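Chemist: Those letters in the sequence shown? Residues 10 to 353, per the numbering used here, in order.
Structure incoming, see below.
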Amino acid sequence: MDKIVECVPNFSEGRDKTVLEKIAQAVRDTDNAVLLDFDPNGDYHRTVFTFVGTPDGVLQAALNAYDVAADLIDMSTHKGEHPRMGAADVVPFIPVRGVNMEDCVAISEKFGEAIAKKHNLPVYLYEESARTPQRSNLAKVRKGEYEALEDKLKDPQWKPDFGEAVFNPKLGGTVTGARFFLIAYNANVKDPDSKKANKIALTLRESGYAKRDDKGEIIRDENGKAVKISGKLKSVKGLGVPLEEYQISQVSMNLVNYDVTPPHVAYEAVLEEAKILGATITGSEIVGLTPLEPLLQAGKFYRERLNQSTDVSDEELVQAAVEGMGLSDLYPFEAKKKVIEYLI
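Laid out in structure tokens, this is it:
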């Protein structure tokens, strides 16, 4: 393929394997699209799918996958630990090779318009596809989640980019857009209570947290807006979540530009904050796929720390990254199944 686009839709189903397999098969059955991975999480009740292909192939695969999800997912009964707004919560398109961001913006617009028309749901554009600055940040678009969407649609400033401002109780809403390659990266906290994990996330994420007085009340400026303390890491979004399956919690992060904050920098920052709080970090995980480059960066970092040569093979650098960040803490990290360059 001369032109390659990646799509990483997040569907609000993480427990029913039959539903997930049907969504996966819809992608497999699409010409000029290749399903690389799908990674369900029962606690989050959410699954991240990853597929690549030609621009037209990826668009059609996304539409086919959404059609299946729309039939089988009912948001009115959905409960999960991860923030979500709809059956297909967020559907990003990412340029990989031979295409630019503008190409992916156009694909996201075609996708959003098509599902809004066919399935009668509100669709919002975010990141590089956003038509107003207010909508560029996923967290702001998704604020209040599914439960607040019905009221949100009554607010003129939240009129959807596609579809009517009418609540669809079965499907909720969908956010789509073009963005840089995002790495979903979680650090594992040896504590089932997520309070410390959340404190770490708030301290590190770029948006930071609201400043509070001695009584714990939020401090506000003359306009009534909360005074924010900026987070320590740029291009990072995050929150703390419990992970009942492993009886731990996680600092769940989206690294939205790994050139700015790569995984190993985020991990080292988590370790520093955990030490302050007396929390134990046992390792980390990459959800879905990752480019090779940030693993090579991490491998060099950890080998240099051990006074080891960095003039070694990619495989040795990846192994150093896996060991340094504890990427096999919850389950074995298999580079051949996780690194996008090894799969295309």
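Ideal placement from N, C-alpha and C gives every residue a C-beta, glycine not left out.
Note that the structure is predicted; figures quoted are calculated from it, not measured.
1. How should Tyr340 be labelled, buried or exposed, when 16 other C-beta atoms within 10 angstroms of its C-beta is the threshold for buried?
2. Cβ atoms of Ser337 and Asn197: under 8 Å apart, would you say?
3. By DSSP, does Leu280 sit in helix, in strand, or in coil?
4. So Tyr75 packs on Ile124, CB below 8 Å; how close in whole Å?
5. In this structure, does DSSP put Tyr354 in helix, strand or coil?
6. Smallest Cα separation from Ser21: which of Pro169, Gly308, His87?
7. Does Gln69 pass the burial test, meaning 16 or more other C-beta atoms within 10 Å, or should it be called exposed?
8. Can you tell which of Asp200, Asn109, Leu134, Met94 has the C-alpha that lies nearest to the C-alpha of Lys161?
9. Is the stretch 201 to 218 touching the stretch 163 to 179, taking contact as three or more C-beta pairs under 8 Å?
10. What does DSSP give as the partner residues of Ile82 in its beta bridges?
11. Based on the DSSP output, what are the partners of Pro104 in its beta bridges?
12. If we ignore side chains and look at the alpha-carbon of each, how far apart do Arg106 and Asn232 end up?
13. Determine, using beta carbons only, whether Pro303 and Ile192 come nearer to each other than 8 Å.
14. Under 8 Å by Cβ, that's how I've got Ala275 and Val245 pegged, so tell me the actual separation to the nearest angstrom.
15. Closest to Gly287 by C-alpha separation, out of Asn73, Asp200, Leu81, Leu211, would be which residue?
16. Can you give me the Cβ contacts of Asp170 inside the same chain, cut-off strictly under 7 Å, excluding the 5 residues immediately before and after it?
17. If you run the structure through DSSP and keep just helix, strand and coil, what is Ala42?
18. Thinking C-beta only, is Glu156 closer than 8 Å to Gly186?
19. Should the stretch 248 to 264 be regarded as contacting the stretch 48 to 56, the criterion being three or more beta carbon pairs within less than 8 Å?
20. Rounding to the nearest angstrom, what Cα-Cα distance links Glu350 and Thr183 in this structure?
21. Please check if any C-beta of chain D sits within less than 8 Å of the C-beta of Asn50.
Modeler: Let me spell this out:
1. Position 331 of the sequence shown holds residue 340. Within 10 angstroms of the beta-carbon of Tyr340 lie fewer than 16 other beta-carbons, which makes it exposed.
2. Position 188 of the sequence shown, counted from the first residue, corresponds to residue 197. Position 328 of the sequence shown, counted from the first residue, corresponds to residue 337. No, these two residues do not count as a Cβ contact at 8 Å.
3. What you label residue 280 is simply residue 271 of the sequence shown in a count that begins at 1. Three-state result, Leu280: helix.
4. Numbered from 1 along the sequence shown, position 66 holds the residue referred to as residue 75. Numbered from 1 along the sequence shown, position 115 holds the residue referred to as residue 124. About 5 Å; that satisfies the 8 Å criterion.
5. This structure cannot settle anything about residue 354, because the visible part of the chain is limited to 10 through 353.
6. In the sequence shown, residue 21 corresponds to position 12, counting from 1. It is His87.
7. By one-based count along the sequence shown, residue 69 stands at place 60. When all chains shown are included, Gln69 counts as buried.
8. As a working mapping, residue 161 is identified with position 152 in the sequence shown. If we check each option's Cα against that of Lys161, Met94 comes out closest.
9. Too few Cβ pairs lie closer than 8 Å, so no.
10. Here residue 82 corresponds to residue number 73 of the sequence shown, with the count starting at 1. For Ile82, which the question treats as bridged, DSSP gives no partner whatsoever.
11. Sequence index remark: in the sequence shown, residue 104 carries index 95 (1-based). Its beta-bridge partners are Val14.
12. For this step, residue 106 is matched to residue 97 along the sequence shown. For this step, residue 232 is matched to residue 223 along the sequence shown. The alpha-carbon atoms of Arg106 and Asn232 are separated by roughly 46 Å.
13. As a working mapping, residue 303 is identified with position 294 in the sequence shown. As a working mapping, residue 192 is identified with position 183 in the sequence shown. Taking 8 Å as the cut-off, the beta carbon of Pro303 is found closer than this to the beta carbon of Ile192.
14. One-based indexing of the sequence shown puts residue 275 at position 266. One-based indexing of the sequence shown puts residue 245 at position 236. Going by Cβ atoms, the distance from Ala275 to Val245 rounds to 6 Å, so yes, they are a contact pair.
15. What you label residue 287 is simply residue 278 of the sequence shown in a count that begins at 1. Nearest to Gly287 by C-alpha distance, out of Asn73, Asp200, Leu81, Leu211, is Asp200.
16. Counted from its first residue, the sequence shown places residue 170 at position 161. Gly121, Val132, Tyr133, Leu134, Arg140.
17. Numbered from its first residue, the sequence shown carries residue 42 at position 33. DSSP places Ala42 in strand when its eight states are reduced to three.
18. On the sequence shown, residue 186 is found 177 positions in, with the first residue counted as 1. On the sequence shown, residue 156 is found 147 positions in, with the first residue counted as 1. No; because the gap between Cβ atoms is not below 8 Å, this pair is not in contact.
19. Between the stretch 248 to 264 and the stretch 48 to 56 there are three or more inter-stretch CB-CB distances shorter than 8 Å, so the stretches are counted as touching.
20. Here residue 350 is taken as the residue at index 341 of the sequence shown, counted from 1. Here residue 183 is taken as the residue at index 174 of the sequence shown, counted from 1. Cα to Cα, the separation comes out at about 29 Å.
21. Absent here is chain D; the protein component of the structure consists of one chain.
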